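Student: The structure's right below; bear with me while I get my questions together.
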Amino acid sequence: DGYYTVVIVPLPTSLYSLDALQYFHWLKRLQALERERDSLCMGLRDLEEVRLWYQWRLAHIPQRQARISMKDCEPEEGWTCMLRSHMLRLNGSLGRLLADGCAWSSLTHHQRDGTDWKLRWNNAILTQ
Numbered sequence: 002d003g004y005y006t007v008v009i010v011p012l013p014t015s016l017y018s019l020d021a022l023q024y025f026h027w028l029k030r031l032q033a034l035e036r037e038r039d040s041l042c043m044g045l046r047d048l049e050e051v052r053l054w055y056q057w058r059l060a061h062i063p064q065r066q067a068r069i070s071m072k073d074c075e076p077e078e079g080w081t082c083m084l085r086s087h088m089l090r091l092n093g094s095l096g097r098l099l100a101d102g103c104a105w106s107s108l109t110h111h112q113r114d115g116t117d118w119k120l121r122w123n124n125a126i127l128t129q
């Protein structure tokens, strides 16, 4: 995480040529997509952790209900703190994903509307 490949390609023409400029913008779009993919993967990983935690909690509800109905133990208060902690962590991850200026600020409005959909789709397929 956090490591990206740097590609240096010598161009046979001037640095200010149209080909060089197009190639530079293409590389910037690829870099933005790579960062977006990384952010999405981190968000998915966090969502999966929270899903597993909820699944585990749901599986143990009957046991907790039985203990509480028998009044063998005091009601658990620690789980609400843990739930709050998980939710805050997930919200933070999703907030970072949505606020990630690197992924979206370098794209023009036209590019954000999906004109590079094929590139995004290929990127998604490759990351699976």
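Add 1 to the 1-based position in the sequence shown for the working numbering, that's all there is to it.
For each residue, glycine too, the CB sits at the ideal point set by N, CA and C.
Predicted model, so just to flag it, every value in this text is computed and none were measured.
#1: For the pair the segment 86 to 93 and the segment 47 to 57, tell me if three or more CB-CB distances fall below 8 Å.
#2: Once DSSP output is grouped into helix, strand and coil, what is the label at Ser70?
#3: Tyr24 lies in the alpha helix (DSSP H); which residues open and close that run?
#4: Quick check on the burial criterion: 16 or more other C-beta atoms within 10 angstroms. Buried or exposed for Asp39?
#5: Keeping to the same chain, check which residues put their C-beta closer than 7 Å to that of His87; ignore five residues upstream and five downstream.
#6: Taking Leu84 as the reference, give the member of Glu35, Leu31, Trp57, Tyr24 with the closest Cα.
Tutor: Short version:
#1: yes
#2: For the purposes of this step, residue 70 is taken as residue 69 along the sequence shown, with counting starting at 1. It is helical.
#3: The residue labelled residue 24 in the question sits at position 23 within the sequence shown. Where Tyr24 is concerned, the enclosing alpha helix (DSSP H) stretches over 19 to 60.
#4: Translated into the one-based positions of the sequence shown, residue 39 becomes position 38. By the 10 Å Cβ count, Asp39 comes out buried.
#5: As a first step, residue 87 is located in the sequence shown; it is residue number 86 there, counting from the start. Excluding positions up to five away in sequence, the list reads Val51, Trp54.
#6: Looking up residue 84 in the sequence shown gives position 83. The candidate whose alpha carbon is nearest that of Leu84 is Trp57.
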